[in-house]
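Here the structure comes first, spelled out in structure tokens, and everything after it is commentary.
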Amino acid sequence: MERGIEMIQSKFKRICVFCGSSPGKKSSYKEAAIELGRELVSRNIDLVYGGGSIGLMGLISQAVFDGGRHVIGVIPKTLMPREITGETVGEVKAVADMHQRKAEMARQSDAFIALPGWYTTHKSTLTDAIQTSINNFPPKGFNFYWKYVFLAIGTHMRYE
């Protein structure tokens, strides 16, 4: 047991979390980010995320870092002035653009989780799910919301 948290072994070593650089309008979003960070710590899982120190990104990265796990933030250089304020936690990898960001996040991760976010959060989630399970609609392991998003995409693809 570490810092009062029971440790559970996971088959994943690093999980990438897509989430917003805004805290969102609902307090449940902030609570979910912190809870997910603590859950990653309890399972000995390191975090790969978008590199920002604000919003949901800042909350989850701080929770994982405070729990003693490794944190890798991947951020395009052009977003650094806007999404990093104050001190960052863990390792920050600056990349040239969003394509390199996504590729590096995928390279560093064993799995993906999406929390609330804006367009790029959903685009990243959809792209990764489609690329990893192109012949398996809906992809396994997604919650109720995502299951129906993928069913709609799969249905559209069959009729086009």
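In my numbering, the protein residues as written are 2 to 161.
Backbone N, C-alpha and C fix where the C-beta goes; we use that ideal spot for every residue, glycine too.
The model shown is predicted, which means the values in this text are computed figures rather than measured ones.
Problem set entry | For V75 and T89, the rounded distance between their alpha carbons | The count along the sequence shown starts at 1 and reaches residue 89 at position 88. The count along the sequence shown starts at 1 and reaches residue 75 at position 74. T89 and V75: Cα-Cα distance of roughly 12 Å.
Exercise. How is I15 classed by DSSP in three states: helix, strand or coil?
Worked result: Sequence index remark: in the sequence shown, residue 15 carries index 14 (1-based). The sequence shown places Arg at residue 15, not Ile. Strand at R15.
For this session: Below 8 Å CB to CB, which residues in the same chain sit around C20 once its five sequence neighbours on both sides are set aside?
Result: One-based indexing of the sequence shown puts residue 20 at position 19. Closer than 8 Å at Cβ, skipping near neighbours: A34, Y50, G51, G56, L57, M58, I61, A115, L116, P117, G118 and T122.
Exercise. Taking the continuous alpha helix (DSSP H) assigned at P1, which residues delimit it?
Worked result: Here the chain covers residues 2 to 161 and nothing more, so residue 1 does not appear.
Problem set entry | alpha helix (DSSP H) segment containing A107, residue limits | In the sequence shown, the residue the question calls residue 107 occupies position 106. Annotation: the continuous alpha helix (DSSP H) that includes A107 extends over M99 to Q109.
Exercise. What is the DSSP secondary structure of E88, reduced to helix, strand or coil?
Worked result: Numbered from its first residue, the sequence shown carries residue 88 at position 87. Looking at E88 - three-state DSSP - the assignment turns out to be coil, as it is neither helix nor strand.
For this session: Kindly indicate which residue of M81, Q109, G91 and E92 has the alpha-carbon position closest to the one of D98.
Result: Numbered from its first residue, the sequence shown carries residue 98 at position 97. The shortest C-alpha separation from D98 is found at M81.
For this session: Give me whichever residues DSSP pairs with K94 in a beta bridge.
Result: Here residue 94 refers to the residue found at position 93 of the sequence shown. Partner(s): V75.
Problem set entry | Inter-residue spacing [alpha-carbon to alpha-carbon] between V18 and L48 | Counted from its first residue, the sequence shown places residue 18 at position 17. Counted from its first residue, the sequence shown places residue 48 at position 47. Distance between the alpha carbons of V18 and L48: 7 Å.
Exercise. Who are the near neighbours of S11 in its chain, counting only those whose CB is closer than 6 Å to its CB and skipping five residues on each side?
Worked result: Counting from one through the sequence shown, the residue named residue 11 turns up at place 10. Cβ within range, chain order: R44 and I46.
For this session: Look at the Cβ atom of D111, then the Cβ atom of I9, and state whether they are nearer than 8 Å.
Result: Sequence index remark: in the sequence shown, residue 111 carries index 110 (1-based). Sequence index remark: in the sequence shown, residue 9 carries index 8 (1-based). No, they are not a contact pair.
Exercise. Who are the near neighbours of F13 in its chain, counting only those whose CB is closer than 7 Å to its CB and skipping five residues on each side?
Worked result: For the purposes of this step, residue 13 is identified with residue 12 of the sequence shown, where counting begins at 1. Closer than 7 Å at Cβ, skipping near neighbours: I46, D111 and A112.
Exercise. CB V42 to CB G25, shorter than 8 Å?
Worked result: The residue labelled residue 42 in the question sits at position 41 within the sequence shown. The residue labelled residue 25 in the question sits at position 24 within the sequence shown. For V42 and G25, no; Cβs fall outside 8 Å.
Problem set entry | Rounded straight-line distance, which links the Cα of S54 to that of E105 | Your numbering for residue 105 matches position 104 in the sequence shown. Your numbering for residue 54 matches position 53 in the sequence shown. Distance between the alpha carbons of E105 and S54: 18 Å.
Exercise. DSSP on Q10, reduced to helix/strand/coil?
Worked result: As a first step, residue 10 is located in the sequence shown; it is residue number 9 there, counting from the start. Reduced to three states, the DSSP call for Q10 is coil.
Exercise. Alpha carbon to alpha carbon, how far is Q109 from E40?
Worked result: For the purposes of this step, residue 109 is taken as residue 108 along the sequence shown, with counting starting at 1. For the purposes of this step, residue 40 is taken as residue 39 along the sequence shown, with counting starting at 1. C-alpha separation (whole angstroms): 19 Å.
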